[in-house]
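Letter by letter, the sequence shown follows residues 126 to 326 in the working numbering. Notes for the one structure printed next.
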Amino acid sequence: MLAGFSFAMPALTATAAPQTFDFNDPKGVNNVVFKLDAPLEAISGSANGISGKVVFDPANPAATTGEIVVSAASLHVPNPMMKEHLHSAQWMDVAKHSEIRFVAASLKNIKTSGDTTTADVTGQFTLKWVTRELTVPVQFTYLKDKLGARSNNRQQGDLLVIRARFTIKRSDFNINPGAPQDKVADEIELTLSIAGAAPRS
(Lines of atoms letter the chains of each structure in order from A and count residues from 1; the text may use other names and numbers.)
(Lines give C-alpha, C1' and ligand atoms only; values in the text may rest on other atoms or scores of the structure.)
Protein backbone atom coordinates (compact mmCIF):
# COMPACT_ATOMS: atom_id res chain seq x y z
CA MET A 1 0.00 0.00 0.00
CA LEU A 2 2.97 2.21 0.43
CA ALA A 3 5.88 2.91 -1.73
CA GLY A 4 9.59 3.24 -2.29
CA PHE A 5 10.42 6.15 -4.58
CA SER A 6 13.21 6.75 -7.10
CA PHE A 7 13.23 10.33 -8.33
CA ALA A 8 14.27 12.38 -11.31
CA MET A 9 13.09 15.74 -10.00
CA PRO A 10 13.03 19.41 -10.95
CA ALA A 11 15.14 21.68 -8.81
CA LEU A 12 14.30 24.85 -7.00
CA THR A 13 16.21 28.06 -7.39
CA ALA A 14 19.57 27.73 -5.67
CA THR A 15 23.31 27.79 -6.30
CA ALA A 16 24.64 24.62 -4.73
CA ALA A 17 26.38 21.44 -5.77
CA PRO A 18 24.47 18.16 -5.76
CA GLN A 19 23.57 17.01 -2.26
CA THR A 20 22.54 13.61 -0.95
CA PHE A 21 19.42 13.73 1.23
CA ASP A 22 19.03 10.79 3.61
CA PHE A 23 15.42 9.84 4.41
CA ASN A 24 16.25 7.46 7.25
CA ASP A 25 14.78 9.79 9.86
CA PRO A 26 16.34 9.44 13.35
CA LYS A 27 13.30 11.25 14.79
CA GLY A 28 10.94 8.61 13.40
CA VAL A 29 8.58 11.29 12.09
CA ASN A 30 8.64 10.37 8.39
CA ASN A 31 5.55 8.38 7.54
CA VAL A 32 3.03 7.21 4.99
CA VAL A 33 -0.67 7.16 5.90
CA PHE A 34 -3.18 4.88 4.17
CA LYS A 35 -6.97 4.86 4.25
CA LEU A 36 -9.67 2.54 2.90
CA ASP A 37 -13.13 4.09 3.32
CA ALA A 38 -15.83 1.47 2.62
CA PRO A 39 -19.57 2.05 3.26
CA LEU A 40 -19.60 -0.21 6.34
CA GLU A 41 -16.06 0.21 7.67
CA ALA A 42 -13.14 2.60 7.40
CA ILE A 43 -9.61 1.25 7.75
CA SER A 44 -6.70 3.60 8.31
CA GLY A 45 -3.11 3.16 9.36
CA SER A 46 0.45 4.21 8.71
CA ALA A 47 4.01 3.05 8.12
CA ASN A 48 7.21 4.69 9.33
CA GLY A 49 9.84 2.22 8.11
CA ILE A 50 11.22 4.66 5.58
CA SER A 51 14.79 4.76 4.29
CA GLY A 52 16.71 5.69 1.15
CA LYS A 53 18.52 8.64 -0.37
CA VAL A 54 17.79 11.28 -2.98
CA VAL A 55 20.58 13.18 -4.76
CA PHE A 56 19.22 16.66 -5.41
CA ASP A 57 21.08 19.31 -7.43
CA PRO A 58 19.29 22.67 -7.41
CA ALA A 59 21.47 23.82 -10.32
CA ASN A 60 20.76 20.74 -12.47
CA PRO A 61 17.32 19.25 -11.81
CA ALA A 62 17.53 16.75 -14.68
CA ALA A 63 20.40 14.97 -12.89
CA THR A 64 18.45 14.43 -9.65
CA THR A 65 18.12 10.76 -8.76
CA GLY A 66 17.45 8.62 -5.74
CA GLU A 67 15.39 6.05 -4.00
CA ILE A 68 13.08 5.90 -1.02
CA VAL A 69 11.93 2.57 0.39
CA VAL A 70 9.11 1.88 2.83
CA SER A 71 9.27 -1.37 4.77
CA ALA A 72 6.05 -3.38 4.45
CA ALA A 73 6.65 -4.78 7.93
CA SER A 74 6.19 -1.29 9.38
CA LEU A 75 2.55 -1.15 8.22
CA HIS A 76 0.45 -0.55 11.32
CA VAL A 77 -3.24 -0.35 12.23
CA PRO A 78 -4.58 0.07 15.79
CA ASN A 79 -6.45 -3.25 15.90
CA PRO A 80 -3.96 -6.11 16.58
CA MET A 81 -6.01 -8.74 14.72
CA MET A 82 -6.45 -6.44 11.74
CA LYS A 83 -2.69 -5.81 11.72
CA GLU A 84 -2.06 -9.56 11.65
CA HIS A 85 -4.42 -9.88 8.69
CA LEU A 86 -2.79 -6.91 6.95
CA HIS A 87 0.64 -8.57 7.14
CA SER A 88 -0.67 -11.99 6.04
CA ALA A 89 -0.22 -13.64 2.64
CA GLN A 90 -3.81 -12.83 1.65
CA TRP A 91 -3.21 -9.13 2.16
CA MET A 92 0.33 -7.68 1.94
CA ASP A 93 2.32 -10.94 2.25
CA VAL A 94 5.01 -9.12 4.22
CA ALA A 95 7.10 -12.28 4.68
CA LYS A 96 7.64 -12.58 0.91
CA HIS A 97 7.38 -8.97 -0.18
CA SER A 98 9.26 -6.84 2.33
CA GLU A 99 9.40 -3.61 0.31
CA ILE A 100 6.96 -1.54 -1.73
CA ARG A 101 8.43 0.68 -4.41
CA PHE A 102 7.75 3.52 -6.82
CA VAL A 103 10.43 4.24 -9.45
CA ALA A 104 9.92 7.59 -11.13
CA ALA A 105 10.61 7.93 -14.85
CA SER A 106 9.45 11.42 -15.84
CA LEU A 107 7.90 14.66 -14.62
CA LYS A 108 5.38 17.00 -16.24
CA ASN A 109 3.29 20.04 -15.29
CA ILE A 110 6.25 21.37 -13.29
CA LYS A 111 5.60 24.58 -11.34
CA THR A 112 7.93 26.36 -8.92
CA SER A 113 7.06 29.02 -6.36
CA GLY A 114 9.70 30.06 -3.85
CA ASP A 115 11.25 26.96 -2.29
CA THR A 116 8.52 24.60 -3.51
CA THR A 117 8.13 22.74 -6.79
CA THR A 118 5.11 20.65 -7.77
CA ALA A 119 5.03 18.10 -10.57
CA ASP A 120 3.14 15.08 -11.86
CA VAL A 121 5.58 12.19 -11.52
CA THR A 122 5.07 9.13 -13.71
CA GLY A 123 6.76 5.88 -12.79
CA GLN A 124 6.52 2.19 -11.96
CA PHE A 125 4.74 1.27 -8.72
CA THR A 126 5.45 -2.22 -7.39
CA LEU A 127 3.39 -3.75 -4.60
CA LYS A 128 3.70 -7.45 -3.80
CA TRP A 129 4.64 -8.93 -7.21
CA VAL A 130 2.57 -6.52 -9.32
CA THR A 131 4.11 -3.53 -11.12
CA ARG A 132 1.94 -0.82 -12.69
CA GLU A 133 2.59 2.60 -14.15
CA LEU A 134 1.18 5.45 -12.07
CA THR A 135 1.23 9.23 -12.29
CA VAL A 136 1.48 10.83 -8.87
CA PRO A 137 1.21 14.54 -7.94
CA VAL A 138 4.29 15.34 -5.85
CA GLN A 139 5.46 18.44 -3.98
CA PHE A 140 9.18 19.02 -3.37
CA THR A 141 10.36 21.67 -0.90
CA TYR A 142 14.08 22.53 -0.62
CA LEU A 143 14.88 24.08 2.77
CA LYS A 144 18.38 25.48 2.89
CA ASP A 145 20.08 25.58 6.32
CA LYS A 146 17.01 24.12 8.10
CA LEU A 147 18.47 20.82 9.33
CA GLY A 148 19.66 22.45 12.56
CA ALA A 149 16.15 23.64 13.39
CA ARG A 150 14.78 20.12 12.86
CA SER A 151 17.57 18.33 14.76
CA ASN A 152 17.81 20.70 17.74
CA ASN A 153 21.17 21.87 16.36
CA ARG A 154 22.73 18.39 16.56
CA GLN A 155 23.47 18.67 12.83
CA GLN A 156 23.67 21.53 10.37
CA GLY A 157 22.68 21.31 6.72
CA ASP A 158 19.75 21.37 4.33
CA LEU A 159 16.41 19.55 4.12
CA LEU A 160 14.36 18.22 1.23
CA VAL A 161 10.69 17.63 2.04
CA ILE A 162 8.61 15.40 -0.24
CA ARG A 163 4.81 15.25 -0.01
CA ALA A 164 2.37 13.30 -2.16
CA ARG A 165 -1.23 12.10 -2.07
CA PHE A 166 -2.61 9.57 -4.53
CA THR A 167 -4.94 6.59 -4.83
CA ILE A 168 -4.38 3.00 -5.91
CA LYS A 169 -6.83 0.11 -6.24
CA ARG A 170 -6.57 -2.89 -3.96
CA SER A 171 -7.76 -5.13 -6.80
CA ASP A 172 -4.92 -3.96 -9.06
CA PHE A 173 -2.31 -5.34 -6.65
CA ASN A 174 -3.94 -8.60 -5.52
CA ILE A 175 -4.57 -7.34 -1.98
CA ASN A 176 -7.25 -9.66 -0.56
CA PRO A 177 -9.13 -9.61 -3.89
CA GLY A 178 -12.10 -11.59 -2.55
CA ALA A 179 -12.96 -9.14 0.24
CA PRO A 180 -16.47 -7.59 -0.05
CA GLN A 181 -16.15 -3.95 -1.12
CA ASP A 182 -18.88 -2.77 1.25
CA LYS A 183 -16.52 -3.68 4.14
CA VAL A 184 -13.09 -3.28 2.50
CA ALA A 185 -12.85 -0.43 -0.01
CA ASP A 186 -11.15 -1.11 -3.33
CA GLU A 187 -9.57 2.35 -3.37
CA ILE A 188 -6.62 2.97 -1.06
CA GLU A 189 -5.68 6.59 -0.45
CA LEU A 190 -1.97 7.10 0.29
CA THR A 191 -0.45 10.23 1.82
CA LEU A 192 3.34 10.57 1.95
CA SER A 193 5.16 13.17 4.07
CA ILE A 194 8.92 12.76 4.48
CA ALA A 195 11.96 14.94 5.11
CA GLY A 196 15.47 14.06 3.96
CA ALA A 197 18.62 15.51 5.52
CA ALA A 198 21.84 16.62 3.85
CA PRO A 199 24.22 17.26 6.78
CA ARG A 200 27.30 19.42 6.40
CA SER A 201 30.50 17.97 7.81
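Note that the Cβ used here is the ideal one computed from N, Cα and C, for glycine as well.
Distance from the CA atom of Pro203 to the CA atom of Gly170, rounded to whole angstroms, is 7 Å. Arg288 places its beta carbon 9 Å or farther from that of Leu315.
If you check the CB distance, Asp245 and Val261 come in under 9 Å. Residue state for Gly273 is assigned as helix, using DSSP reduced to three classes.
Between the alpha carbons of Met207 and Lys221 lies a distance of about 19 Å.
Residue environment: Gly239 is assigned as exposed (fewer than 16 neighbouring CB atoms within 10 Å of its CB, all protein chains considered).
The beta-bridge partner set that DSSP reports for His201 consists of Ser171. Leu165 and Lys308 have their alpha carbons spaced roughly 5 Å apart. In terms of Cβ geometry, Thr241 and Ser231 do not form a close pair [threshold 9 Å]. Distances from the alpha-carbon of Phe250 to those of Lys233, Lys269, Ile293 put Ile293 closest.
Assignment of Ser296 by DSSP, reduced to helix, strand and coil, places it in the helix class.
Here Trp216 is buried, its C-beta having at least 16 other C-beta atoms within 10 Å.
Nearest to Pro183 by alpha-carbon distance, out of Val219, Lys253, Asn277, Asp283, is Asp283. Inter-residue distance for Ala142 and Ala198 is about 36 Å (C-alpha atoms, whole angstroms). Short of 6 Å from the beta carbon of Val158, and not among the five residues preceding or following it, lie these beta carbons of its own chain, in chain order: Ser171, Thr316.
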